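> For reference, the structure I am asking about is given below.
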Ligand SMILES: C[S@@+](CC[C@H](N)C(=O)[O-])C[C@H]1O[C@@H](n2cnc3c(N)ncnc32)[C@H](O)[C@@H]1O
């Protein structure tokens, strides 16, 4: 199990979370849902403020968002007309057996107790349904992005995720992986605002928060690719893992 203090640290920053965190590119969401017919029933597990929920709704599917944190659920409901997030977790889903054509997870699978979550996700998926954990990772082949990740102690590197996401247990077929490039345009202050929605910063003490912010401002003021810029393009690689329910 991961540290529950970190896993549920996001709720207090829910509005900023919704504002600053990157969206999911449409081709990535389509690939995650491969083989699932239109107007399918899709569970967005660990739905947070609904960033992935709204991307799936835009493709014409029905979405059932499931989220343990009440602050995140309230933000999702407010930002997503016609949808109400369900209270629940990956280890205990408030849904009947075989109810879903697909289960998608945006930026949350690393918090799950894997063995219990795999069994629970397999229970709610119909046979042949798709399970797909998705992550937006910063493209650290860009020098200043790698430096930013070190300052803010961001550990969700693409390499780590690929190494750890290889098997969803006996109820699932082989795991496939695809990668999609995209970028978001933010001002330096918005990048700092986005980093304030990360669990490392949310659970850090005042001195560590002060260090992170000071070094980030220094980076924006002095790095040759950033100094004097009103906005910066933050490059992302979206990693989509998917497997079929047997
Ligand atoms: C980084 S946020 C991602 C939110 C959203 N999916 C997105 O893409 O923006 C991680 C979310 O996972 C939720 N979470 C943490 N542990 C969980 C668990 N065991 N089961 C389901 N969700 C969990 C947190 O409450 C939080 O909303």
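Numbering (the numbering used here), first residue to last: 121 to 366.
Where is the CB? At the ideal position from N, CA and C, for every residue including glycine.
The structure displayed is predicted, hence computed values, not measured ones.
Please report the Cβ distance between residue 214 and residue 207, rounded to the nearest whole angstrom; I am assuming they are in contact, meaning their Cβ atoms lie under 8 Å.
With 8 Å as the limit, residue 214 and residue 207 qualify as a contact, their Cβ atoms being about 7 Å apart.
> Tell me which residues share the same chain as residue 127 and place their Cβ nearer than 6 Å to its Cβ, disregarding the 5 neighbours each side in the sequence.
These residues qualify, in order along the chain: 231.
> Verify the contact flag: residue 253, CB atom, against every heavy atom of ligand 1, threshold strictly below 7 Å.
No; taking the cut-off as 7 Å, the Cβ of residue 253 has no heavy atom of ligand 1 nearer than that.
> With respect to the beta strand (DSSP E) encompassing residue 361, which residues constitute its N-terminal and C-terminal limits?
Element bounds for residue 361: 352-364.
> Using a Cβ-Cβ cutoff of less than 8 Å, which residues in the same chain neighbour residue 121 once the five nearest sequence positions on both sides are dropped?
Residue confidence is low: residue 121 scores 40 on pLDDT, short of 50, so the model does not pin down where it sits. Its coordinate-derived value is still stated next. Same-chain partners within the cutoff: 233.
> Under 6 Å Cβ to Cβ from residue 363, same chain only, skipping five residues before and after it: list those, please.
Hits under 6 Å: 251, 288, 292, 293 and 295.
> Distance, Cα to Cα, residue 328 vs residue 318?
If I take the Cα positions, the gap works out to 14 Å.
> Measure how close the beta-carbons of residue 203 and residue 183 come, nearest whole angstrom, since I'm counting them as under 8 Å.
About 6 Å separates the two Cβ atoms, so the contact holds.
> With respect to 7 Å, is the separation between the Cβ of residue 314 and the closest non-hydrogen atom of ligand 1 below this value?
Incorrect: residue 314 has no Cβ contact closer than 7 Å to ligand 1.
> Just how far apart, CA to CA, sit residue 188 and residue 349?
Going from the Cα of residue 188 to the Cα of residue 349 covers about 39 Å.
> Which residues in the same chain as residue 141 place their Cβ atom closer than 7 Å to its Cβ, once the five residues preceding and following it in sequence are excluded?
Correct list, in chain order: 171, 314 and 317.
> Residue range of the alpha helix (DSSP H) that residue 190 falls in?
Residue 190 -> alpha helix (DSSP H) spans 190-199.
> Comparing C-alpha positions only, which one of 337, 322 and 345 sits nearest to residue 134?
For the residues 337, 322 and 345, the minimum Cα distance to residue 134 belongs to 322.
> Note down the Cα distance separating residue 248 from residue 262, rounded to an integer number of angstroms.
The alpha-carbon atoms of residue 248 and residue 262 are separated by roughly 39 Å.
> From the DSSP secondary-structure annotation, give me the bridge partner or partners of residue 231.
Paired residue(s): none; residue 231 is not in a bridge.
> Between the stretch 141-152 and the stretch 162-180, do at least 3 Cβ pairs fall closer than 8 Å?
Touching, yes.
> Tell me the DSSP bridge mates of residue 303?
Note: residue 303 sits in a beta bridge opposite 355.
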